[in-house]
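The block underneath contains the structure these notes are about, expressed in structure tokens.
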Amino acid sequence: MKLLHFTLTGMLLLVGLCLGAQTTVRGVITSIKGGEPLIGATVVIKGTAVGTTTDVDGKFELQADPSKDVLLLSYTGFTSQEIALNGRTTVDLQMEESIALLGEVIVTAFGESTREKFTGSAATVTAEQIARRPITNVGQAIAGAGSGVQATIGSGAPGSTPAIRIRGFGSVSASNAPLYVVDGIPYDAAISNLNPDDIENITILKDAASTSLYGSRAANGVVMITTKKGTKGQGQISLKYTRGTSQRGLPEYDRLNAAQYYPYMWESYRNSLMSRTASPLSLEAASTNASANIVGLLGYNAYNVPAADLVSTAGVLNPNAQLVFREEDLNWETPLTRAGQRDEVNLNFSGGDDRSNFYASFAYLNDKGFLIRSDFERYSARLQFNTRLKSWFSTGVNISYTNSTANQDDAGGNTSFVNPFFFSRGMGPIYPVYAYDPNNPGEYLLDGNGQRQYDFGNLNALGLPNRPQYGGRHAVAETELNQNFFRRNLFSGRTYGEVSFLKDFKFRVNVGADYVNVNDNTFGNPIIGDGAPAGRATVEFTNQLTLNLNQQLTYKKKFGEHNIDVLLGHENYDYRTNFLTGSRSQLILDGNIELVNFTTTTNLNSGADFNRQEGYFSRVNYDYKNKYFVTLSARRDASSRFQQEVRWGTFFGVSGAWQLHQEEFLKGSSLINNLKLRGSYGQTGNNAGIGFYAWQPLYNLGWNNAGEAGILQGSLGNRGLSWESNNQFDLALEFGILKNRIAGTFEYFNRQSDDLLFAVPLPVSTGTASQTRNIGAMYNRGLELELNLTPVQTRDFTWEINFNATRYQNKITRMPESNKEIISGTKKLQVGSSLFDFWLREWVGVNPENGNAEYRANAFVASNSRITEDGDTLTTTLNNARFRYNGSAIPDFSGGLTNTFEFKGFTLSVLFIYQVGGLIYDGAYQGLMNSSGYGASKHVDVLNRWQKPGDITDVPRADLGRSVDHDGTSDRWLTDATSLNLRNVSLTYSLPASLTKKVKIQGAQIFVTGENLALWNKRKGMDGLGSFEGVTANTYSFYRNFVGGINLTF
Amino acid sequence: MMKYKFLILSILTLGLSLSSCEKDYLNTTPTGSVDAGSAYATTKNAKAAINGIYRSMMVRYRGSQGHSGFPALMIINDVMGEDLVFANASNGWHFGEQRWLSHRSDVGTMALFPYEMFYRFIANANVAIANIDNAVGLPAERDQLKGEALAFRGFSYFYLVQYYGKRYDASAKPNSGLGVPLVLEPTQEGLPRSTVEEVYAQINTDLEAAAALLTTARSAKSHFNKNVLRGIQARVALAQQDWAKAATFAAEARQGFTLMSIAQYQDGFADVSNPEWMWGFDHLEDQSEFFGGYHSYISCNYNASVIRQTPKTINKLIYDLIPATDVRAKMWVKAPTAANAITPPGGVRAPYMVQKFRLPGTPSTSVMGDVPFMRAGEMYLIEAEAKAKSGDDAGAAKALFDMVSKRDPSYVLSTKTGAELLDEIYFNRRIELWGEGHRWLDLKRLNLPLDRNGIGHLPAVAQLFEVPAGDVRWEYLLPRAELDANKAAVQNPL
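Note that the protein sequences, when read in sequence, are chains A and B.
Just so you know, we're using my numbering here: the first sequence kicks off at 1 and counts up by one.
Just so you know, we're using my numbering here: the second sequence kicks off at 1051 and counts up by one.
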């Protein structure tokens, strides 16, 4: 090093002598941020080859003419600068970190690029960003990662994966989910198997050109996940511990309390007596009847006055009534929830030298959800080792093992009694969790051991009333007594061998295997619920193996200013899964849920499935002078899902970029640092989400009739069935101005899906619900904006803003001839509409005279219609209500906003996810607004109901007998889905090096962070970010958590 | 040179899998299914394909446990009449049906469920009818299978036309009101609705063709045989007011079946081996629908919320008419107590609650009861009704006596005539077949109004107390799913 210095200095001296007027110029180069010296930064005198690099203290010296020379400073990851000496011989220079992240790694299909050279469109998530997030599933980190990427808020169940959509929705019946690729191999295992701390980079490839090497699987984008490698240099030990607590993130809808509930139900019942078609009662008779009977109909008297005196004939709650049940016992959510707890330890070792590098990690996570009996425990270990064994041969292995055990919630069924969220939401506010002694008002009914016992709502033998809402069911007891868990192992291995030959050629073989085995257990207890009275259990074992083999031949050559890089490859994909499942009932002894402990087999079944794919691909990258870039790629794929004559498909992509800032006319610009125009066009395919054997007409086994074998028509098949194609064009302008303090990307995309895989509904009278056909076309067109701003960057304080927004339009452009319109749930598909345009009966309002719900009528029917003064025909019968389009679930625009503040050692990062516009069909709210259902809970909005002639309101008369017409499915339930979610706030403090050095620690950080700290939207309780389709359900609501931790690096 | 070998080797390796085994490698087949072409390749396979249709009578439709196949429809036929009374408002299963809301909403479960189920039977039967002649096997086997397929089709159209079409009126031939689309071969096209007359003509053609192919022999009681066919033909004739045929078919149908003894009558209607059962489903442990089963809704003791909370009870007026000496008086309990009425643990007891359908064990842990699709008792009642309608009072009284005397040893031959005799027959029909799926269909075919007043219905539950005869509500609405996908189909009057 010294010698080099000496030589360089000598040479410079020589040059200096030739030119004259030379003196020694000295200086120090430091980073603006933090003031650390920059080691190895290059300093060159402009217009010459004269230059040097900084030493370990950031110092340099060279010979220059201070009167006229200008120094060019450059350093990887920092913005290059020009400094005129202006007569100075000593200069202290500061360099700014490059904000546009031009050096950022983009992981591409079968390769790697940098943001600068990349011709496609991608969003990335770095290890640093992941480290800020207290997440169990790395998929959660994708929300807000970049424009064009939408993620649902996800379930609160520990370890659950949010759904991801890239640039809209390309398919009707096939899958819209992206392909996940982990360390270069398509990944079929659950994302929750990955330890987020092991992830170095997530690159989300959005455009068709950069995904086309994944051909038939790439239509919905590709999420490339890359794990950490060791780096050359000093070995490193990193230890991280976090601990936190979680709670329900989404508040419950506001519902009536007991005092509001009885009078409301009284009124609803009374009105039903008056409105019934057969022998309706008068107001007086109905009121008397309702006062006499309402408590009996509701089963429980929560008050200390006699049932007949609880609600007066005027519909008023007796003012002397006092609750006999403790208020906390009327809240079913409390006993089902708890303060969740999350503990995580990560330990990793890494290091490397010139030839080899390694990374090893061990992690433990225990995430206890806020719902009782729901948790996720994960042990994971990973070892990655890469080495250059010979000058011409490199190899490496990347193996990991994950063991997960999770107790699962029973919230899967939207309206199943065992679902704790459905149950606690729908339970009327007058039913206690614990049984109260009927002979001793206000006291618990104790069992033989003096313990409180749960009120199942049917304990008649103990003298308790019958609960009309969920009688004989008890979500708290069932959640406690049932079992529902899985144990899962993932063995994952990747290896490769790479031979370099003929100077410019490389041949690489990659082999990957992901082996998952899962053991699912469910147990229905014999005391209460679905398993009663005998008890039942199911045990299922599943094995899943994905094998992937690919070979790549590359040729890379530089001809003067021309760079060329050619790839030729083959990939083979083989997925196989098999299962064995058995169910038995009639529990023998308590406390053992193994099948041997039951007497009767109710199900025993096994099966296997296979999905295979074969593909050949090629790519050519070319660039000239680092200014002009062109990439061409193509893939030919075959899939076992299709019949052999049509199973091969060809996919391709072409993309290019022009780095305008490398052109002479911009090179010296002090305003524009980066200007790049890029565009791509490509065709990819999609076959995910249709059956593995979709082309085959099948009869299904398993339709045995008593002791005789039986089979039944399963699917019609379709021999011509083939890929759905996705043709995408995009054009983008990337820019960076004012030293990249303002940087960003504007992008247009047009994603055309054709030959859509469509489950075409057949007439019910044909006996088959649908047939999958390649029919229809659709596009997603939109604009994406990303802005990275750095309003402040000083030695001690930096403020960065990352903002992204996406706006797109989804439109169906062709439908099946046989089905020009397809109605499915709350949506109707037809040409000109989107996948998520609501098609619902048109709600008009409430008739002020009688409180009836009124809809726009299909036709005038004397018995249920009227014509208004304005000539509108309205109907009170839902059946006669007209359907119409009324808005879409797709937002006007959506995205994320991150603000990051760094002050000395502190980093504060705040991430918002937002959605503006779009509608949501709030079915959960509809359920609570329904005036029928004895004992069912009600939303507080029912207090605005119509009560007397002249009332102007949008809530119809409470009427148990009219709920179908009053509260049926219509556009009344569409709600603005505009939402703002404070997704993450994290505060990190890095201890100063001066302090850590003393204790021989390389670095130490302490941090506090939280997820889902707030959600603002139109209605409390409504999960506006829970689905892309714009519907709500009684699901495991998302969590909010607070986590603190420490991270030590040695 | 060595290095060029590398290049050649690499390229060879890349191309390696272009070998001849590629086709086999990518030809994957499922383990849970078989190629449709093989279903009717042999009579052995075809037998399995026909068996599958029987099983499909027993599974959930629309993902709803309350709509598990034909047995659910049997219950709903009674729920929609007046004689099945819900004891309270606690458990809302089938309230939409009792209120006549579900079948009158084009997106309602009841508009779609029967339509979907019967057309599923028909589609599978059509494949059988189209292909069975080419199946390898014995001619007798082919006849048997084709007969069963034709029987399925006739049976299915009979129920479809009763639900979706106007009532058949023998005095108004041809009945030109809209029936249902007559799909007679495998297709993916939607057909227009045929008239009620045309549908009945097809039903009779199919059933007669089936009767010609079938004998009284069969492998299990779940299968159609000649007896069952004659029974269905008797039902059809009754619906068409063809009294002579009805009486003949009913008498022929019950040949070889004996009526239950008093003791057997109290066994719970849950065992297909009962000598009176002509046609029924034999429920095996691994074929249970659990909360979807027939007995999970109609029995007195299956441990389901619906049974515990809201027991089914009988029209109190007709119950009170049952003589104490009649075993059928024990099928319901007027004043239930722990001693005289079985319930699941913690079950509600309500006046007039059912005991007729009962699973073995106390408390019962059974999840399956067999299902009676057709009993000999019904055949006596059909014969009695048909004879009374055609003026043969003596013959009618005799047929009635033959059955009722087995229920009530004190019963004496009825001396009533005309309308009075018919009333006695209908009274017996209502208490004999309660819960077995006849009442709503009887009201419709007899052109009677629905009248639920004064027989125990709660306003809060039933809501609907009267429907005049001939009202549009006696026709189910066609499901929206059919109207959307089949442009030739038109809706019934709203």
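Heads up, the beta-carbon is just placed ideally off N, CA and C, and yes, glycines get one too.
As the structure is a computational prediction, the values presented were derived from the model and not from experiment.
Need the endpoints of the alpha helix (DSSP H) that residue i sits in, please.
| i | result |
| --- | --- |
| glycine 463 (chain A) | Unbroken run through glycine 463 (chain A): none, as it is neither H nor E. |
| threonine 1255 (chain B) | 1246-1263 |
Can you tell me whether residue i is buried or exposed, with buried defined as 16 or more other CB within 10 angstroms of its CB?
| i | result |
| --- | --- |
| serine 1311 (chain B) | exposed |
| histidine 562 (chain A) | exposed |
| phenylalanine 903 (chain A) | exposed |
| aspartate 69 (chain A) | buried |
| serine 1226 (chain B) | exposed |
| arginine 719 (chain A) | exposed |
| leucine 12 (chain A) | With a pLDDT of only 41 at leucine 12 (chain A), under the threshold of 50, the placement of this residue in the model should not be trusted; the figure read from the coordinates follows. Leucine 12 (chain A) is buried by the Cβ-count criterion. |
| phenylalanine 797 (chain A) | exposed |
| glycine 448 (chain A) | exposed |
Ends of the beta strand (DSSP E) at residue i?
| i | result |
| --- | --- |
| alanine 657 (chain A) | 648-659 |
| tryptophan 799 (chain A) | 797-814 |
| alanine 634 (chain A) | 628-639 |
| phenylalanine 505 (chain A) | 505-524 |
| methionine 778 (chain A) | 777-793 |
Can a CB atom of chain A be found closer than 9 Å to the CB of residue i?
| i | result |
| --- | --- |
| serine 1349 (chain B) | no |
| alanine 1510 (chain B) | yes |
| aspartate 1085 (chain B) | yes |
| valine 1157 (chain B) | yes |
| asparagine 1176 (chain B) | yes |
If you draw a straight line from the C-alpha of residue i to the C-alpha of residue j, how long is it?
| i | j | result |
| --- | --- | --- |
| glutamine 1405 (chain B) | methionine 1124 (chain B) | 17 Å |
| alanine 1222 (chain B) | aspartate 870 (chain A) | 45 Å |
| proline 1459 (chain B) | arginine 1479 (chain B) | 18 Å |
| lysine 627 (chain A) | asparagine 673 (chain A) | 14 Å |
| phenylalanine 838 (chain A) | valine 1031 (chain A) | 10 Å |
| alanine 1426 (chain B) | tryptophan 973 (chain A) | 52 Å |
| glutamine 713 (chain A) | tyrosine 699 (chain A) | 4 Å |
| serine 585 (chain A) | phenylalanine 1451 (chain B) | 45 Å |
| leucine 330 (chain A) | glycine 428 (chain A) | 8 Å |
| glycine 649 (chain A) | tryptophan 723 (chain A) | 7 Å |
| arginine 270 (chain A) | asparagine 879 (chain A) | 25 Å |
Step through the CB atoms of chain B and report whether any lies within less than 9 Å of the CB of residue i.
| i | result |
| --- | --- |
| glutamate 708 (chain A) | yes |
| glycine 299 (chain A) | yes |
| glutamate 614 (chain A) | yes |
| glycine 1044 (chain A) | no |
| glutamate 498 (chain A) | no |
| tyrosine 470 (chain A) | yes |
**Study point:** In chain order, each alpha helix (DSSP H) run of at least 4 residues that lies wholly inside the segment 344-375 of chain A
**Key:** none
Exercise for review: Write down every uninterrupted run of the beta strand (DSSP E) in the segment 15-79 of chain A whose length is 3 residues or greater and which is fully enclosed by it, in chain order.
Suggested key: 23-31, 42-45, 51-53, 59-64, 70-74
Exercise for review: Please go through the segment 972-996 of chain A and give each complete beta strand (DSSP E) segment of 3 or more residues, from N-terminal end onward.
Suggested key: 974-976, 979-990
Point to revise | Ranges of the alpha helix (DSSP H) found wholly within the segment 1282-1353 of chain B, counting only runs of at least 4 | key: 1293-1303, 1312-1315, 1345-1348
Practice item. Please specify which runs of the alpha helix (DSSP H), each continuous and at least 4 residues long, are wholly inside the segment 176-233 of chain A, giving them in chain order. Key: 208-211
Point to revise | beta strand (DSSP E) segments (min. 3 residues) lying fully within the segment 732-760 of chain A | key: 742-754
Exercise for review: Just list the beta strand (DSSP E) runs in the segment 1090-1118 of chain B, keeping only unbroken ones of 3 residues or longer that don't cross its boundaries, in chain order.
Suggested key: 1114-1118
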